[in-house]
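Structure first, commentary second.
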Amino acid sequence: MSLLAEPDSSAVTVRAAAKINLYLGVGRAREDGFHPLETVYQAIGLYDDVTVTDAPEWSVHTAADAGIDLAAVPDGDANIAVRAGRALTAHHDLGLTARIQIHKGIPVAGGMAGGSADAAATLVALDRLWGLETSDDDLLAIAARLGSDVPFALIGGTALGSGRGELVTPVADATELWWVVVPHPVGLPTPGVYRHFDVLAERGAIVATEPRVPPDLLDALAAGESEALGPLLANDLAAPAYDLRPDLSELRGRLEAVGSDAVLLSGSGPTHLMLFDDVERARAAAADLIEADIVHWLAPGPVAGCHVIDLL
Ligand code: ATP
Numbered sequence: 044m045s046l047l048a049e050p051d052s053s054a055v056t057v058r059a060a061a062k063i064n065l066y067l068g069v070g071r072a073r074e075d076g077f078h079p080l081e082t083v084y085q086a087i088g089l090y091d092d093v094t095v096t097d098a099p100e101w102s103v104h105t106a107a108d109a110g111i112d113l114a115a116v117p118d119g120d121a122n123i124a125v126r127a128g129r130a131l132t133a134h135h136d137l138g139l140t141a142r143i144q145i146h147k148g149i150p151v152a153g154g155m156a157g158g159s160a161d162a163a164a165t166l167v168a169l170d171r172l173w174g175l176e177t178s179d180d181d182l183l184a185i186a187a188r189l190g191s192d193v194p195f196a197l198i199g200g201t202a203l204g205s206g207r208g209e210l211v212t213p214v215a216d217a218t219e220l221w222w223v224v225v226p227h228p229v230g231l232p233t234p235g236v237y238r239h240f241d242v243l244a245e246r247g248a249i250v251a252t253e254p255r256v257p258p259d260l261l262d263a264l265a266a267g268e269s270e271a272l273g274p275l276l277a278n279d280l281a282a283p284a285y286d287l288r289p290d291l292s293e294l295r296g297r298l299e300a301v302g303s304d305a306v307l308l309s310g311s312g313p314t315h316l317m318l319f320d321d322v323e324r325a326r327a328a329a330a331d332l333i334e335a336d337i338v339h340w341l342a343p344g345p346v347a348g349c350h351v352i353d354l355l
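The sequence shown maps to residues 44 to 355 in my numbering.
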């Protein structure tokens with residue numbers, strides 16, 4: 044985004060952050076099957092790095108940090124990074140192709156939009172590799188067609204999301220938060236969680252109203268009142284996710300016993316997030332999780348969206 048053209052680079056690496064939802068309000072499914080959302084996204088410090096180089100055909104190659112299972116990450120066109128590359132070349136009516144190398148630090152199928160991060164990073168990296176100078180508006184439009192979370196992955200920081208989540212507006216955020224991120228080895232596919240949301244709404248077990256972000260949350264972010272955030276965080280997908288996966292409710296109980304400002308399910312799960320307004324308390328909780336043999340990472344938030352970290 045807003046990068047100067049440098050078409051003679053032979054490899055470009057772009058870093059993209061994981062997203063969490065500080066608030067995820069979900070309404071009843073629309074006629075087209077999509078659920079209207081109102082959400083507050085935040086980019087936090089777990090990253091995927093995407094390196095692109097010219098190649099005679101599209102290909103994708105994946106590696107990962109310890110603790111991240113790559114089994115569910117598809118090859119070829121099924122990988123959203125390749126779809127992003129094809130969408131960018133189609134937009135410019137070009138026949139170019141590239142090799143895409145992804146190093147994943149964002150858990151797969153963890154409700155942290157790692158695939159969307161890869162798509163966004165691929166758009167920015169190829170734009171730079173080929174000196175395309177795609178406008179920010181065009182990049183955001185291409186991103187929105189690739190997936191609801193891809194536009195936010197481009198901009199990062201903290202933002203309000205609406206529509207299907209693809210309409211993003213940055214919001215003022217003066218907080219400096221620390222998140223203890225607790226992944227789960229068994230993924231929870233997002234579409235199944237939305238389907239179960241509908242089942243529970245149909246049964247009257249949950250009330251799906253017009254989603255609306257609480258103004259108090261936006262005010263606390265703008266004022267930098269980190270300590271006020273805990274009770275304002277919410278996720279409408281938590282009820283269907285826990286109903287599908289009682290083991291996750293049990294894990295949540297264990298995390299609540301450790302102590303934090305809030306425990307939150309990340310998006311559609313299965314990753315959990317523990318909020319801290321102070322890094323020392325976050326480190327102390329992380330030490331307790333080590334004792335309890337619970338895998339976790341420590342990540343600050345908010346952090347930047349996609350940015351170039353290496354040019355060769
Ligand atoms: P969603 O974005 O649907 O909410 P998520 O954030 O829980 O999902 P992702 O890591 O983005 O999880 O992966 C969702 C699914 O997308 C994976 O199960 C995988 O099959 C598919 N996928 C396609 N491309 C990628 C990619 N580059 N990285 C990870 N998953 C990918």
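Beta carbons are placed, not taken as given, at the ideal position from N, Cα and C, and that holds for glycine.
Look at Asn278: its beta carbon is at least 8 Å from all of the heavy atoms in ligand 1.
The Cβ atoms of Ala187 and Ala59 do not sit closer than 9 Å to each other. With a threshold of 8 Å, the Cβ atom of Asp192 counts as near ligand 1, since some heavy atom of the ligand is closer than that. Straight-line measurement puts the Cα of Thr140 at about 34 Å from the Cα of Asn64. In this structure, Tyr66 and Gly148 do not form a Cβ contact; the two beta carbons are roughly 25 Å apart against a cut-off of 8 Å.
Counting the other Cβ atoms within 10 Å of the Cβ of Asp304 gives 16 or more, which makes it buried.
Remark: the shortest separation between the CB of Asp161 and any heavy atom of ligand 1 falls under 8 Å. Of the residues Glu176, Val116 and Ala106, the one whose Cα lies closest to the Cα of Thr132 is Glu176. The residue from Ala98, Asp112, Thr218 and Pro258 with its alpha-carbon nearest to that of Val125 is Ala98. Within the DSSP bridge table, the entry for Val57 names Val93 and Val351 as partners.
The beta carbon of His239 is closer than 7 Å to those of Pro283, Asp286 and Leu287 in its chain, skipping five residues each way along the sequence. For the alpha helix (DSSP H) assignment, the uninterrupted runs of no fewer than 4 residues enclosed by the region 190-238 are, from N- to C-terminal side, 193-198. Of the candidates Ala160, Asp279, Ser269 and Asp118, the residue whose Cα lies closest to the Cα of Ala347 is Ala160. Closest in alpha carbon position to Leu332, among Val250, Val223, Ser205 and Trp101, is Val223. Counting along the chain, the unbroken alpha helix (DSSP H) around Arg171 starts and ends at Gly157 to Leu172.
Nearest to Gly128 by C-alpha distance, out of Arg73, Gly88, Ala109 and Leu189, is Leu189.
Ile185 carries a helical assignment under DSSP once its states are collapsed to helix, strand and coil.
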